[in-house]
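Under my numbering, the first residue of the sequence shown is numbered 6, with each subsequent residue one higher.
C-beta: ideal position from N, C-alpha, C; glycine also.
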Amino acid sequence: MSEPDFVHLHVHSEYSLLDGANRIGDLVKACTQDKQHAIALTDHGNMFGAMELYQSASSSGIKPILGCEVYLAKKSRREPHNKKENGYHHLTLLARNERGYKNLLDICSTAYTEGYHFRPRIDKEYLSSHAEGLACLSGCLAGEINQHFLRDEDVKAEELATTFRDLFGKEHFWLELQRNGIDIQAKANEALVRLAQRTAIPLIATNDIHYLRQEDCHAQDVLLCINTQAKRAEKNRFRFDTDTLFFRTRKEMGEIFRDLPHALSATMDVANQVDLKLEFGKYHVPLFHTGTSETPTALLDRLCEEGLLRLYGADPAGVAKARERIEHEKRVIREMGFESYFLIVWDLIRWAREHGIPVGPGRGSAAGSAVAYVLGITQIDPLRYDLLFERFLNSARVSMPDIDIDFCMDGRERVLQYTRDRYGVANVAQIVTFGTMASRTVVRDVGRVLDVPLKDVDRIAKKIPAGPNAPSLEEALENDKDLIAIRKERPEFEELFEFSKKLEGLARHISTHAAGVVISPRPLIEFVPLCTHDGEVATQWPAKQLEDLGLLKMDYLGLRTLTILARALVNIEKRGGTAPDLLHLPEGDPATYRMLIAGDTEGVFQLESDGMKKLLARIKPDCFEDLIAILALYRPGPLESGMIDMFVRRKHGEEAIEYPHPLVEPILKDTYGCIVYQEQVMLIASSLGGFSLNEADNLRKAMGKKKPEIMAKYADQFVSGAVKNGATAHVAQAIWDNIVKFGGYGFNKSHSTAYALITYQTAYLKANHRAAFLAANMSCEMSSTDKVKAFWDDARRAKVEIHGPDLRFSGWTFECEGEGVRYGLGAIKGTGERAIENLLAARDALQKERLPIGMHELCARADSSEVPRLCWEALIKAGALDFGGVNRGMLVHQLDSALAEGSRLAADRKAGQGSLFGGPAEPEPTKHEHGGPNDDAHAWTRAETLRAEREALGFYVSGHPLEERAGLFALLSTVRTSELATRSGGSELTIAGLVVGFTELIVKSGSLAGRKMARFRLEDLEGSVAVTVFPRTLEAQQGRLAEDTVIVARAKLEEHSEEPALILEEALSIDEALKRFDGGLVVELEPTDRERLAELKSAFASSPGKSPVWFLVNGDDGYLRRVRASKDHAVTITPDLAEKVHGLIGRGRLRLARI
């Protein structure tokens, strides 16, 4: 038969989350191939994909029909969902025109903001007031009319159908037929045809599309299993009992509806009714209300002039130069209509600073604007650092300016609330983002559904490349030899990969943009559908689509470093010092740069990674310009291109710096003749090539896209312009070639400069106020044991004392105490801020009354309903009550009686029963708590105390069980945990350490089902690493592995792991490792050690054996030489011998060596 005119009007995409398996681009392509001139999108309860469909379909010549399959509550959207009393049904709505589009936005938004309970729901009341401009189809099997038919309630079905017909209009309501092969659908269809005959309501054919091709039904079924957390093999799980919900062609639809051709042609009637044109290219920026008769233009002029004189007033020449730049920028801002935009940003930052919320000095290309600088939006002088306004905004680039703002993480929510208050709650929202099924995630999800053994899934997932630039799963399967081999191992692996490839990249869940906020001049619901996430209102469309609509998007970023800086300044003042002005720090501070060169950068903004530490050591920065360059250079492009090597050689005078033309020298001088920044490319193009700065910005963008035809055009323009400016054609071409080679790696100097200021601020505070800086960092990282431990280690290396937690002196956060830092109670696991505040109030009251402080006294004063027993126990374990001199085990034993006595005394106080002499009721000091005997059976040993301490703090503070034999562990280890990040995956290594968090698991499926495997962390004095023990290895260890045992682990470093992790091959005791060792001792001697040779020989003689001893000594020529001791001094290597040698020459100068 001929292909009928038909378009699909009931279509689900990936935005019917974990239900639809269609990508919108694929749907549009299918329309084009089948010559369907329109397509609708009707995702479940949302319009997440509507704008994507509109743009994709329109650009392909396909008419987009925006719709939604809404959830219609039986009674009220405001009442909770109840399947029997207030269940929901499906209804298909389509926007015919602008009025219908606005109503659909309203309906889909209100379903979230007023009707969300399990699903976003509306009700008939709301629908009746928002039906204008909408076309309505009666829905799938889950539609209310079909549900009536399936219950043989034909009268109710007819009543509802006529209600919908009257509501939407007889030309805009259709009875929806689907022929999907489901038995009950056939019954519903027969009833719908009879109803159409009785009522003259037209029939319409749809196919409820959930996947593209018929064979994709299996992948979509797996997707449903991921959604419902079911295994595919389960019999009673939710599933679609059909494989027909695919994109049927016109021919295929004609075949299944050959008896009802008018149901097919009805789809064309709907499509022809649709007349919706969305407006792009117009900006919707709220008008800034000044609050006075002053216009926004006048206010901007006044604020710029005031800022100009404040920042440049001491230098008349500087004022003139800056005024010229500011006037140029204001002209562009006025022409583009962005005056209110700048004032909105100015006002937000002004409000934040006035309310004590730290704001960053700038971010991104906005730091290149002199107007932003004099307004106080940024704090970097763009004239001083050759930053360009055109990199930020120019009339040749028609797009909204983008000023991202860093706020203190503690103040971001307050700024967001101010924005809502200032511009209206209805006009402000956060921005949706979509979490997608990334390659590793989808493999794990599909593996669970297919019941592939976890061990196999883990092995496969870890082989898959991860990261922002990682290849797709399909690409990896074509090129990765390991994955190709794994795929062939078993049929279920082939199936796992096939499903994973099909599902990779699909939307999995919604979230909100970490920083994005949209502000509109009118209620947002007029522009974009809204949803809710974690109690916050957000747009249903992501940032790019909001920008395309011309809405004002801003990024409010919570930057932890700003909080740290603010707290550090407070700490300095609390110690009686004078907090430095962070905007006017001494330039070139020697202590700061010495510290940076040494790689002492824990907590220094942007410089904490091992790679950065290595780069600092190579570059040896000695000025602020070097820091700007370092932040720009530490990226894959410069690292791989050799640019960094050239920069280092030139900075240190190892390579001559040559400038091919005088106009280039001032542009490249600060970077030793290297092109490091995009702004340098723009300035060279402008100064030498004769480009306008607008053209130079276009060149910058073209370089990023690397399109040869565009670059060839710019090459001719540049060479021609350079020749006009006095360069020879040869020199001009050489400069262009250099721009092409390195300019593509150039970084945004404006952003690098602004962030380099924060880098310098943190580095300066660390170098000159270390205790205050450490306390601030540890306070901001209290929820991360690993970060607190890292700063603890940093303090130890710098000999800054960290005083343990102590209820007499500690606060909730870490505080400065003398030249050291006092541990914060908030970093103790098992405490809560409310409980600690209550305890501290009790402590302060006791101190004010000059009463003794102990556990019993605090129990009597604190509110037992606020401070639970677990909190007390955590404080005891952490050592916060050590000041009484009582063993921690005994304190735990006394705790219940102390709490009971405290409750009694609290009740007495409440009843007004004071002591005999009228004073407050207080407990009698106990002999145990105040210096009595500690030889109680409940006292903890040193090992038990340390174990409990680690449980409460996450690591050891008052000591470490490995410290006594630290030197021996160093001898037996080929690597420390802190060095694992530098090793390549698959490396074989040996680490001596402590087993922590040992957990045995039962393998649930696969060939190893029923056998035990284990996981733990192996801890040395530098840190810890995750270790996996597979069944065969675990069984071979014969009980060597247990919590808190010391082992020497032979292991392999896992490949493709996001953080270092080990696979255990063998665990040995210390004695076993030493006996197995086939080698000798190397003793490093200093000149001053010669007098200890006799004692060393005596130590060797105490442990005679066959292992040779070598001495490492300095020769007269300054070179180290290894000298073997006589055979008489051969030894048996034991822990005792190692400790004796360490006692004589110190740690770090004794190691094992293989023969």
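When secondary structure is reduced to three states using DSSP, tryptophan 877 falls in the helix class.
Three or more Cβ pairs drawn from the stretch 378-386 and the stretch 307-319 lie within less than 8 Å of each other, which places the two stretches in contact. Annotated as distal: isoleucine 127 and glycine 138, with beta-carbon spacing of 7 Å or more.
Put simply, the backbone Cα of lysine 1132 is about 11 Å away from that of alanine 1106.
A direct Cα-Cα distance of roughly 11 Å separates leucine 265 from proline 9.
Between phenylalanine 696 and cysteine 679, the gap from beta carbon to beta carbon reaches 7 Å or more. In summary, cysteine 145 is buried, with 16 or more beta-carbon neighbours lying within 10 Å of its beta-carbon over all protein chains present. In the three-state scheme derived from DSSP, where H, G and I count as helix and E and B as strand, threonine 517 is classed as strand. Counting the other Cβ atoms within 10 Å of the Cβ of glutamate 260 gives fewer than 16, which makes it exposed. As DSSP reads the structure, cysteine 145 sits in no beta bridge. Fewer than three Cβ pairs drawn from the stretch 642-658 and the stretch 718-731 lie within less than 8 Å of each other, which leaves the two stretches out of contact. Cβ-Cβ distances below 6 Å link phenylalanine 1116 to Val1088, Leu1090, Val1128 in the same chain, with the five nearest sequence neighbours on each side left out; the list follows chain order. In the DSSP assignment, isoleucine 410 is bridged to Tyr561. Within the stretch 673-740, the complete alpha helix (DSSP H) segments of 4 residues or longer fall at 683-692, 698-710, 713-729, listed in chain order.
Secondary structure of alanine 1072 (DSSP, three-state): strand. The beta carbons of serine 505 and valine 447 sit closer together than 7 Å. Contact holds between the stretch 993-1001 and the stretch 968-983, because three or more Cβ pairs, one in each stretch, are under 8 Å apart. Alanine 210 is positioned such that its CB atom lies no closer than 7 Å to that of alanine 140. Inside the stretch 96-166, DSSP marks whole beta strand (DSSP E) runs of 3 or more residues at positions 139-142, from first to last along the chain. Close CB contacts of glutamate 257 within its chain, under the 7 Å cut and outside five residues either way in sequence, are absent. Under DSSP, glutamate 541 forms a beta bridge with His538.
The beta carbon of valine 1008 is closer than 8 Å to those of Pro458, Leu459, Lys460, Ala1014, Gly1015, Arg1016, Lys1017, Met1018, Pro1036 in its chain, skipping five residues each way along the sequence. Counting C-beta pairs with one atom in each stretch, the stretch 503-522 and the stretch 233-251 have fewer than three that are closer than 8 Å, which means they do not touch. Proximity of the stretch 38-58 to the stretch 98-115 meets the contact definition, three or more beta-carbon pairs being nearer than 8 Å. Under the 10 Å beta carbon count, glycine 991 is surrounded by fewer than 16 other beta carbons and is classified as exposed. Taking C-beta atoms under 8 Å as the contact rule, alanine 885 and leucine 812 qualify, at a distance of about 5 Å. In this structure, aspartate 450 sits near isoleucine 231, with a CB-CB distance shorter than 7 Å.
In this structure, isoleucine 524 lies away from valine 420, with their beta-carbon atoms at least 7 Å apart.
Take phenylalanine 293, set aside five residues on each side of it, and the residues of its chain with a beta-carbon closer than 6 Å to its own are Pro301, Ser345, Leu348, Ile349, in chain order. Counting of Cβ neighbours within 10 angstroms places threonine 676 among the buried residues, the total reaching 16 or more. Valine 75 carries a strand assignment under DSSP once its states are collapsed to helix, strand and coil.
Contact between the stretch 737-752 and the stretch 568-575 is absent, with fewer than three C-beta pairs closer than 8 Å. Relative to the Cα of leucine 71, the nearest Cα in the group Val1136, Ala45, Leu316 belongs to Ala45. Around the CB of asparagine 241, fewer than 16 other CB atoms lie within 10 Å, so the residue is classed as exposed.
Nearest neighbour of arginine 28 by Cα position, chosen from Glu57, Ala43, His42, turns out to be Glu57. Look at arginine 1022 here: in three-state DSSP terms it is strand.
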